[in-house]
Amino acid sequence: MLLRNAWYVAAWSSEIPVDELLARTILNVPVALWRESSGKVVAFEDRCCHRGAPLSKGRLEGDQLRCMYHGLLFDTTGRCVEIPGQERIPPQAKVRTFPVVEKHKWIWIWVGDASLADPSQIPDTHWLDDPEWRSLEGYTYYTTNYLLIADNLLDLAHLPYVHPNTLGGDEAYAACIPQVEKLENGVRVTRWGEGIKPAPFVQKIKNYPGAVDRWNIYDFVLPSIFLMDSGMQPSGHNAKAGNRVNAAEFRSTQALTPETDESTHYFFSQPHNFAIDDPEVTLAIHNQVVTAFQEDSDMIHAQDRMLKLTSDFKMIPIGADAALSYFRWLVANAYKAEQAISNPVKIQEV
Amino acid sequence: MLLRNAWYVAAWSSEIPVDELLARTILNVPVALWRESSGKVVAFEDRCCHRGAPLSKGRLEGDQLRCMYHGLLFDTTGRCVEIPGQERIPPQAKVRTFPVVEKHKWIWIWVGDASLADPSQIPDTHWLDDPEWRSLEGYTYYTTNYLLIADNLLDLAHLPYVHPNTLGGDEAYAACIPQVEKLENGVRVTRWGEGIKPAPFVQKIKNYPGAVDRWNIYDFVLPSIFLMDSGMQPSGHNAKAGNRVNAAEFRSTQALTPETDESTHYFFSQPHNFAIDDPEVTLAIHNQVVTAFQEDSDMIHAQDRMLKLTSDFKMIPIGADAALSYFRWLVANAYKAEQAISNPVKIQEV
Amino acid sequence: MLLRNAWYVAAWSSEIPVDELLARTILNVPVALWRESSGKVVAFEDRCCHRGAPLSKGRLEGDQLRCMYHGLLFDTTGRCVEIPGQERIPPQAKVRTFPVVEKHKWIWIWVGDASLADPSQIPDTHWLDDPEWRSLEGYTYYTTNYLLIADNLLDLAHLPYVHPNTLGGDEAYAACIPQVEKLENGVRVTRWGEGIKPAPFVQKIKNYPGAVDRWNIYDFVLPSIFLMDSGMQPSGHNAKAGNRVNAAEFRSTQALTPETDESTHYFFSQPHNFAIDDPEVTLAIHNQVVTAFQEDSDMIHAQDRMLKLTSDFKMIPIGADAALSYFRWLVANAYKAEQAISNPVKIQEV
């Protein structure tokens, strides 16, 4: 159930230096990413139109890319402009290209119907390069469907259990009931914990003397983008009313991009707006998140193995599933709508 | 063709210490095994009823087990007794449990219809902890269906060919025709070799000066349990009549437990009743058996690869197949009977 | 689309020393190869007719082969001549054997209908042991269908792009248009480049001072044998008219043998007729070819992965595909003819 008509993160900007080719499969489509001499990113289907050889093993010649199997040369629009030993270039000798937008260090790609690609739909992730925030670039890879990872992000009751020594901490936080709001293209979750123990990854830096108030307020939007205002601060300053005092604030920015039906690229970053001149703090936060994401990965891959053993397992829903259930419903609806467009129902003639 | 309504060995007792969880898949069912504070072994389906996360990665809290994904807590009956952030526990929030019996160092499990589980059907394996016998605990793992291993055990003509330097020895023993008796739930095989060379694994310990009489007398019973009286002694003392003199006697005890259709847990032990105060003898016997079982494993995995290459290969039966043919017939019959119960034929209404 | 009624190379002669067994799967059939005491090579289906155990793990006893699972003994015709513990040998106790011809260091096998096996159809590869030529024995292994490798060999426009530092060199050579002649059982390709830079693997040995004329003239015949006259020499001596002066000449001899539908044995050699008394030259040429074949392997395996990602990719033909298109058409026709013979159409009775 992969949604094709949507913007996905294909790469970090830094993964595509000038004069290099990046091979990455997205929604089962192999893609070769590279930069024109102007710096603009180009995305080709990573199969030469001749025999399917990977263009990511090709040679960049200025603003042209040569397949290094039989030497066909392509311009930035994907049009073949040279075939060794042949004068006439058949007009169908073209490789498919995909709309690409580079914004705030992320390369966004649209592999569905290009006529529907509207860059204004790309969510705001300005924290990734905002001078008031600091973060490092994270990437991990799953051999599971992306929805199992979305489930994880849509129920943060898992924090104290999966991440006792990093993002988690006080098990009381799992029992705090979040507010779930339905958005047109996603879901907004607001979880507050008041007077609880701080999370270990923050406590290592802030060393708060007593209890804190903690919040995780995030939108999870289609196709699978996670944007969160989170943090904690000493209790007693009315954080819930917006009064942030000595807070450790974050803008966790995460994107899931299906590689195939059963594998997923996972881009993430944890911008913070305190101690922004101390790279060691930035690194320490990043490393704690990397450790925590490995904890999630262990659990989700294990869950995936359990679910795949037999097809008869039935999940029992609980109250904490509200956000994930709604999101899965949104995905199913969007998928049905896409299928209806690509396979329109024939009107029965009378 | 896996029989579900049967007792299988799930583990050695020593694999489930107090306060630890053992994950093991049995007949395609993932199982988490652990001990109540009383020492009684509990077997849960290794999937939390909520989202299928493995409970074997959970946390034991006295006589309760907590899923470490979202914190659901279960009592020893599998009933959910706590859901973080939720007052009411839905009655269907239960994980499946399985009948378990611990006996003579083996943990037996029944993953089929629990109402049919009768502990009196568990075969006698008292040699595993009888003070008159000594042995070590063996385990190996196959990536083949269990029946190929059963075939191997049901025709010991393979001993001199597969195990020339361990269990085998004199090729004359392969030509000794065994007596095969049909049992209701298995088959009894009796093989005698008289005046032959001793098997290397015994000769290393006993150093017999001349020819021996050798016997392998075993029951192989459903679903796949192998219980053998075997040994050898100097010829000329009428061993066949029960007169055991200076004998090396064993009670090989083996159990095959399908993990999946194409993988098998293999529990084994080789109790001996001589030199029982010499741990080096016990270790030497065990090590020889381990080496020999690796020889079987190499052959059976190779055979499996050959059989899987194409589906058109036809086996030519020979006389030595009597026991294995009968056993496979028993399995097929038992399987048919199980299917008939779980999928009863609808009586056609007239 | 594997052709069964054809001679394939099964092995280099040196792979089957006396008293050793070679296991090799050919067209999905596991084969055990060995030599009678006379030196004649015998090919058995590598499955004992009893239970399918691999005979390649058996024991040679003079001109007989014993299965080392249960001890059945077979003569060179595949007939079982001994079953331990059994007097009468059933007449159907036979393992299948295959026609084999050893010629010029190659062992040819026929796994299809033996009545059609005509050794006179084996192509001439005498350069492999002709005293006027020198070469070493090459083998590599692909996890792709053999036809992707055939495609590669049928369009040498790839030489400068895939092999810039070995077999390739001047990109002008890719633009030289080859002559393609249809043969009854294959295709003949003639490519000439005049006044071009020499290929690096030759230049390392010959160190030509200026431009060369280069040729690749080869037959690629069913099922998948590649026989080439290739070389280069200083320009200006009318090489095209057959006037070879200071030439580096080769008779590249290659054979693709499908192991399964998706894996291929690749036997190759690069005989040369200059500096034949200098083993270092022979080794240097061989090593350059080995390096180049690894370059092909990298490209073809990458192409295979791209093609397998989705089934909707459509190749755009170009002029350089003439030879490979014709060869694929020949294969498809031969395959259809084989199918028609093994599944004859029933004539409808009136």
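Protein chains in written order, with the working numbering: chain A, 2 to 351; chain B, 2 to 351; chain C, 2 to 351. Backbone N, C-alpha and C define an ideal beta-carbon position, used for all residues, glycine too.
Apply the 10 Å Cβ neighbour rule to residue 316 (chain C) and answer buried if 16 or more other Cβ atoms are within range, or exposed otherwise.
Within 10 angstroms of the beta-carbon of residue 316 (chain C) lie fewer than 16 other beta-carbons, which makes it exposed.
Is there at least one Cβ from chain A nearer than 7 Å to residue 219 (chain C)'s Cβ?
At a cut-off of 7 Å, the C-beta of residue 219 (chain C) has no neighbouring C-beta in chain A.
At least one CB of chain B closer than 7 Å to the CB of residue 274 (chain C): is that the case?
Chain B, which has no Cβ nearer than 7 Å to the Cβ of residue 274 (chain C), makes this no.
DSSP three-state assignment for residue 316 (chain C), whether helix, strand or coil
Residue 316 (chain C): coil per DSSP, three-state reduction.
Beta-carbon spacing of residue 259 (chain C), residue 28 (chain C) below 7 Å:
Judged by beta-carbon spacing, residue 28 (chain C) lies within the 7 Å limit of residue 259 (chain C), meaning their Cβ atoms are closer than that value.
Expressed to the nearest angstrom, what Euclidean distance is found between the alpha-carbon atoms of residue 201 (chain A) and residue 213 (chain A)?
Residue 201 (chain A) and residue 213 (chain A) have their C-alpha atoms roughly 12 Å apart.
Closest Cα partner of residue 53 (chain C) within the set C:242, C:343 and C:72:
For residue 53 (chain C), the closest C-alpha among the options C:242, C:343 and C:72 is that of C:72.
By DSSP, does residue 141 (chain C) sit in helix, in strand, or in coil?
Looking at residue 141 (chain C) - three-state DSSP - the assignment turns out to be strand.
Would you identify the three-state DSSP class for residue 217 (chain A), choosing helix, strand or coil?
DSSP places residue 217 (chain A) in strand when its eight states are reduced to three.
Residue 147 (chain C) and residue 301 (chain C) look like a contact to me (Cβ under 8 Å); what is the Cβ gap, rounded to whole Å?
Between residue 147 (chain C) and residue 301 (chain C), the beta carbon gap of about 10 Å keeps them out of contact (Cβ cut-off 8 Å).
Starting from the beta carbon of residue 177 (chain C), find every residue of chain A whose beta carbon is closer than 7 Å, and list them in chain order.
Per Cβ cutoff of 7 Å: 86.
Anything in the segment 144 to 159 of chain A with a Cβ closer than 8 Å to a Cβ of chain C? List those residues in chain order, please.
Correct list: empty, as no residue qualifies.
Quick check on this structure: which residue in B:221, B:228, B:178 and B:294 has the alpha carbon closest to the alpha carbon of residue 331 (chain B)?
Cα-wise, what sits closest to residue 331 (chain B) is B:221.
Which residues of the segment 20 to 48 of chain C have a Cβ closer than 8 Å to any Cβ of chain B? Give them in chain order.
Of all residues in the segment 20 to 48 of chain C, 26, 29, 30, 31, 47 and 48 have a Cβ within less than 8 Å of some Cβ in chain B.
Contacting residues, own chain, Cβ-Cβ under 7 Å from residue 164 (chain A) (five flanking each side not counted)
Short of 7 Å from the beta carbon of residue 164 (chain A), and not among the five residues preceding or following it, lie these beta carbons of its own chain, in chain order: 293 and 296.
Within 10 angstroms of its Cβ, does residue 342 (chain A) collect 16 or more other Cβ (buried), or is it exposed?
Its Cβ having fewer than 16 others within 10 Å, residue 342 (chain A) is exposed.
Verify the CB distance criterion: does residue 314 (chain B) have a CB-CB separation below 7 Å to chain C?
Closer than 7 Å: yes.
Mind listing which residues of the segment 291 to 305 of chain C have their C-beta closer than 7 Å to chain A's C-betas, in chain order?
Correct list: 300, 303 and 304.
Any C-beta of chain A sitting closer than 7 Å to the C-beta of residue 2 (chain B)?
Not closer than 7 Å to any Cβ of chain A, the Cβ of residue 2 (chain B) fails to qualify, so no.
Positions along the segment 53 to 77 of chain A whose CB lies within less than 7 Å of some CB in chain C
Taking 7 Å as the Cβ-Cβ cut-off, the segment 53 to 77 of chain A approaches chain C at 53, 54, 55, 58, 69, 70, 71 and 72, given in chain order.
Please classify residue 292 (chain C): does DSSP put it in a helix, a strand, or coil?
If DSSP states are grouped into helix, strand and coil, residue 292 (chain C) belongs with the helices.
Enclosing beta strand (DSSP E) for residue 230 (chain C) [first to last residue]:
Boundaries of the beta strand (DSSP E) harbouring residue 230 (chain C): 226 to 235, taken from the DSSP string.
Cα-Cα separation, residue 169 (chain A) to residue 162 (chain A):
Each residue's Cα considered, the two are about 7 Å apart.
Let me check understanding here. Comparing Cα to Cα, which of B:235, B:132 and B:290 lies closest to residue 246 (chain B)?
Checked all of B:235, B:132 and B:290; the closest Cα to residue 246 (chain B) is B:235.
Using 8 Å as the Cβ pair cut-off and three pairs as the minimum, do the segment 122 to 133 of chain B and the segment 87 to 94 of chain B touch?
The segment 122 to 133 of chain B, when compared against the segment 87 to 94 of chain B, does not touch it at the 8 Å Cβ threshold.
Proximal residues of chain C, C-beta to C-beta of residue 191 (chain B) below 8 Å
Listed along chain C, no residue sits closer than 8 Å to residue 191 (chain B) by beta-carbon distance, the nearest being about 14 Å off.
Closest by C-alpha distance to residue 15 (chain C), when choosing among C:104, C:167, C:265 and C:3
Check the Cα spacing between residue 15 (chain C) and each of C:104, C:167, C:265 and C:3: the tightest is with C:104.
Checking contacts by CB at 7 Å: is residue 311 (chain A) closer than that to chain B?
Yes, because at least one Cβ of chain B sits closer than 7 Å to the Cβ of residue 311 (chain A).
Who are the near neighbours of residue 76 (chain B) in its chain, counting only those whose CB is closer than 6 Å to its CB and skipping five residues on each side?
Result list for residue 76 (chain B): 65 and 82, in chain order.
is_contact[residue 164 (chain A), chain C] using C-beta, thresh 7 Å:
It does not: the Cβ of residue 164 (chain A) has no partner Cβ on chain C nearer than 7 Å.
When the Cα atoms are used, what is the spatial distance from residue 84 (chain C) to residue 22 (chain C)?
Approximately 21 Å between the Cα atoms of the pair.
Can residue 36 (chain B) and residue 19 (chain B) be called in contact, C-beta distance under 7 Å?
A distance below 7 Å separates the beta carbons of residue 36 (chain B) and residue 19 (chain B).
Chain-ordered neighbours of residue 320 (chain B) on chain C, where CB pairs are closer than 8 Å:
In chain order: 84, 86 and 87.
Proximity of residue 226 (chain C) and residue 135 (chain C) at Cβ, strictly below 7 Å
Cβ distance not < 7 Å, so residue 226 (chain C) and residue 135 (chain C) don't count as in contact.
Alpha carbon to alpha carbon, how far is residue 33 (chain C) from residue 63 (chain C)? Give it in angstroms, no decimals.
Rounded to whole angstroms, residue 63 (chain C) to residue 33 (chain C) spans 16 Å at the Cα level.
In terms of residues, what are the limits of the alpha helix (DSSP H) holding residue 269 (chain C)?
Premise fails: residue 269 (chain C) lies in the beta strand (DSSP E), 264 to 270, not in any alpha helix (DSSP H).
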